[in-house]
Amino acid sequence: MLEVLIFIYQNYWDKHDALELKETDETIMAYELSQAGFNHQDILHAVDWVKDLRRSVQQPQYQQDPAAIRVFCDMERSKINDDSLNFLGLLQRSNIISAYERDLIIDRAMVLPQETLSMEDIRWITMMVLWDETRKQDYLFVEDALFNPQGLSLQ
Numbered sequence: 006m007l008e009v010l011i012f013i014y015q016n017y018w019d020k021h022d023a024l025e026l027k028e029t030d031e032t033i034m035a036y037e038l039s040q041a042g043f044n045h046q047d048i049l050h051a052v053d054w055v056k057d058l059r060r061s062v063q064q065p066q067y068q069q070d071p072a073a074i075r076v077f078c079d080m081e082r083s084k085i086n087d088d089s090l091n092f093l094g095l096l097q098r099s100n101i102i103s104a105y106e107r108d109l110i111i112d113r114a115m116v117l118p119q120e121t122l123s124m125e126d127i128r129w130i131t132m133m134v135l136w137d138e139t140r141k142q143d144y145l146f147v148e149d150a151l152f153n154p155q156g157l158s159l160q
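Using this note's numbering, the first residue of the sequence shown is number 6, and each one after it goes up by one.
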């Protein structure tokens with residue numbers, strides 16, 4: 006399903022805000038995705054994933070106490086590797102993402118059907134969550150991290 010989301014991201018987020026698609030646009034998008042050869046169930050799950058992201062982004066964000074520590078549950082740690090969790094920590098410490106956005110990225114990762122997610126998967130999800138014209142600098146940082154062959158240093 007992540008491949009479908011990446012395809013949506015690459016082909017629809019740039020043309021118009023995929024988070025603002027109308028139902029008729031979703032039908033057209035689903036048709037185009039099936040014509041591109043994607044599995045019907047994966048398409049339905051991907052469209053639902055985008056709808057859930059849309060709803061989450063529109064919710065008021067909570068403010069985390071600066072002294073708070075995020076403890077990852079066993080299920081999160083088994084699906085999202087330590088390097089990816091460290092990457093999210095780096096983004097948060099650098100004020101590129103908020104605690105709310107970190108949790109939103111983790112939430113969107115956890116609903117994917119893959120048993121485990123790679124660093125690249127988490128970077129793609131992060132880019133999808135951050136895609137917003139007002140966040141262009143943060144988005145560009147994550148995009149560079151995704152496509153930079155050497156990756157980022159997490160130290």
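Even glycine gets a Cβ: it sits at the ideal position worked out from N, Cα and C.
**Prompt:** Taking C-beta to C-beta, are A51 and L109 nearer than 8 Å?
**Reply:** The answer is no: Cβ separation not under 8 Å.
**Item:** Backbone secondary structure at I85 - three-state DSSP
**Value:** Here I85 sits in strand by DSSP.
**Message:** I'd like the ranges of any alpha helix (DSSP H) spanning at least 4 consecutive residues and lying wholly in the region 36–66.
**Reply:** Correct list: 45–63.
**Message:** Considering only the alpha carbon of each residue, which of L135, Q63, T131, R60 lies closest to S89?
**Reply:** A check of alpha carbon separations from S89 across L135, Q63, T131, R60 identifies T131 as the nearest.
**Request:** Using a threshold of 8 Å, state whether the C-beta atoms of A104 and I85 are closer than that.
**Result:** In this structure, A104 lies away from I85, with their beta-carbon atoms at least 8 Å apart.
**Request:** Kindly give me the distance between the Cβ atoms of V116 and W54, rounded to whole angstroms, as I take these residues to be in contact under 8 Å.
**Result:** At roughly 7 Å, the Cβ-Cβ gap stays under 8 Å, so V116 and W54 are in contact.
**Request:** Figure out for me which residue from D112, D70, Y36 has the closest Cα to the Cα of R60.
**Result:** Out of D112, D70, Y36, D112 has the C-alpha closest to the C-alpha of R60.
**Request:** Give the single residue among I13, L58, A73 whose Cα lies nearest to the Cα of S39.
**Result:** Residue nearest to S39 within the set I13, L58, A73 is I13 (criterion: CA-CA distance).
**Message:** Against chain B, with Cβ distances strictly below 8 Å, would L135 count as a contact?
**Reply:** Any reference to chain B falls outside this structure, which holds one protein chain only.
**Request:** Could you spell out where the alpha helix (DSSP H) holding F12 opens and where it closes?
**Result:** Per DSSP, the continuous alpha helix (DSSP H) segment holding F12 begins and ends at 7–13.
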